[in-house]
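Using the UniProt record's numbering, read the sequence shown as starting at 1 and increasing by one per residue.
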Amino acid sequence: MPRFSAWLRDGVGFDILLVGAALLFLVALAGAPLVYNVLMSFQQVDMFTLGSLIRPFVGFDNYVAVVRQPEFWLVTRNTLIFVFGSMSGQFVLGFALALFFAQNFPGASTIRGLFLVSWVMPGLVVGGIWSLILAGDYGVLNVILRSLGIIQSNIFWKSDPSFSIWAVIIANIWLGLAFNMLLLSVGLAAIPKDLYEAAELDGANAFQRFWTITLPMMRPTIGAVLSLGLIGTLQQFDLFPALTEGGPANTSNVAGFWSWQLSFQLYDFAKGATVSVMMFLLVLFASVIYVRSTRHEVRG
1 MPRFSAWLRD GVGFDILLVG AALLFLVALA GAPLVYNVLM SFQQVDMFTL GSLIRPFVGF
61 DNYVAVVRQP EFWLVTRNTL IFVFGSMSGQ FVLGFALALF FAQNFPGAST IRGLFLVSWV
121 MPGLVVGGIW SLILAGDYGV LNVILRSLGI IQSNIFWKSD PSFSIWAVII ANIWLGLAFN
181 MLLLSVGLAA IPKDLYEAAE LDGANAFQRF WTITLPMMRP TIGAVLSLGL IGTLQQFDLF
241 PALTEGGPAN TSNVAGFWSW QLSFQLYDFA KGATVSVMMF LLVLFASVIY VRSTRHEVRG
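Here's what the structure looks like:
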């Protein structure tokens with residue numbers, strides 16, 4: 001015991017103990033469910049076998065069955081549209097706001113803080129708010145678009161197959177805008193001001209300073225923002241039950257919500273696990289990109 005107490009007091013043992021506790025927590029609450037989910041994707045799991053310890057092993061049959069589902073390619077297309085549209089809107093608008101607030105005009109910090117409201121709000125609450133904004137009969141968005149002359153009649157954003165996926169994209173852009181703005185603002189603040197002053201003395205205009213200084217210096221931050229944006233967008237779930245529930249006719253359904261439907265509406269837990277494993281591989285890919293994009297920053 002005295003030797004163990006000395007091992008804890010010397011600092012190294014205490015650090016190992018803290019790291020070990022954190023790893024044990026991750027293994028128990030994240031690693032074990034992940035392994036269980038992967039194993040379930042190779043088994044036959046339904047309402048009759050869910051409580052069984054040993055289930056029939058079917059190999060890759062679940063993956064083949066998921067790909068052969070009639071809605072698979074529609075859900076895949078919707079997922080790609082949702083991810084690309086959400087990430088593009090969040091990044092472009094977030095970068096524009098970060099550049100705007102970097103001017104440090106009076107009240108910039110206060111106004112920037114107000115944008116963080118969308119980030120801390122639960123997804124279901126955001127979905128409820130945007131459900132009212134996007135309502136076809138009385139929605140504020142239709143009123144604004146009609147007053148600007150952009151549309152002549154109301155758009156039923158949530159029930160029109162041509163617009164349903166865009167309704168969720170608009171809400172998700174608003175939800176993740178503050179997160180992108182915050183990370184990009186931190187990256188902008190880390191760029192030395194004397195670089196801009198030297199370039200301005202050399203006669204570089206605003207666009208040339210942005211292209212030759214801002215973008216190259218922001219490359220690690222941009223990589224991290226895009227990687228985290230991909231992970232967060234693929235994991236988005238709350239907006240779909242609050243806005244469209246994947247309809248109409250799966251025109252706004254994406255992989256994450258489809259996995260939930262397969263598991264808890266159709267009770268085909270094996271196929272639901274299979275879809276989630278496919279999504280996990282995409283998230284793992286994004287995580288590798290994120291780690292590589294921040295590797296030099298950590299070492300620096």
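Heads up, the beta-carbon is just placed ideally off N, CA and C, and yes, glycines get one too.
Predicted model only: the values in this text are computed from it and were never measured.
By the criterion of a C-beta distance shorter than 8 Å, Asp238 is surrounded in its chain by Pro122, Gly123, Leu124, Val126, Gly127, once the five residues flanking it on both sides are discounted.
Following the DSSP letters along the chain, one finds Tyr63 inside the alpha helix (DSSP H) bounded by residues 61-67. For the pair of segments examined, the stretch 105-118 was found not to touch the stretch 158-167: the number of CB pairs separated by less than 8 Å stays below three. With respect to the C-alpha of Thr274, the residue from Ile54, Leu50, Val66 having the closest C-alpha is Val66. In the three-state reduction of the DSSP assignment, Gln43 falls in the strand class. A Cβ-Cβ contact shorter than 8 Å links Ile231 with Ala286. The beta carbons of Ala98 and Ser227 sit no closer together than 8 Å.
Closest in C-alpha terms to Phe82, from the list Ile173, Arg209, Leu132, comes Ile173.
Comparing alpha carbon positions, the residue from Ala178, Gln43, Ile289 closest to Ser118 is Ala178.
Counting of Cβ neighbours within 10 angstroms places Trp211 among the exposed residues, the total staying below 16. Per the coordinates, the alpha-carbon of Val140 lies some 7 Å from the alpha-carbon of Leu134. When the Cα atoms are used, Ala32 and Ile155 turn out to be separated by approximately 46 Å. Three or more pairs of CB atoms, one per stretch, sit closer than 8 Å, so the stretch 74-81 contacts the stretch 247-264.
For Phe57, the secondary structure class from DSSP, reduced to helix, strand or coil, is strand.
Here Phe257 is buried. Its C-beta has 16 or more other C-beta atoms within 10 Å.
In its own chain, leaving out the 5 sequence neighbours on each side, no residue places its CB closer than 8 Å to the CB of Val291.
Here Asn154 carries a coil assignment [DSSP, helix/strand/coil]. Ala167 places its beta carbon 8 Å or farther from that of Leu215.
Here Gly203 carries a coil assignment [DSSP, helix/strand/coil]. Taking Met47 as the centre and dropping the five residues before and after it, the same chain places the C-beta of Tyr267 closer than 8 Å to its C-beta, in chain order. Straight across, the Cα-Cα distance linking Trp260 with Phe269 is about 9 Å. Apart from sequence neighbours up to five positions away, the residues of its chain that approach Leu282 with a beta-carbon distance below 8 Å are Leu230, Leu234, ordered along the chain.
Val277 is the residue among Ile16, Val277, Leu284, Val288 whose C-alpha sits nearest the C-alpha of Tyr63. Setting aside the 5 residues that flank it on each side, Phe163 is surrounded in the same chain by Ile155, Phe156, Trp157, each with a C-beta closer than 8 Å to its C-beta; the list follows chain order. Annotation: Trp211 is outside any alpha helix (DSSP H) and is labelled neither H nor E by DSSP. Taking C-beta atoms as the reference points, Val225 and Leu183 count as a pair closer than 8 Å.
Pairing Gly246 with Leu262 gives a Cβ-Cβ distance that is not under 8 Å. By the neighbour-count definition (other C-beta atoms within 10 Å, threshold 16), Phe95 is a buried residue. Ile191 sits in coil when the DSSP states are folded into three classes, being neither helix nor strand. Sequence-distant Cβ neighbours of Ser41 in its own chain, meaning closer than 6 Å and more than five residues away, are Asn62, Ala273, Thr274, Val277.
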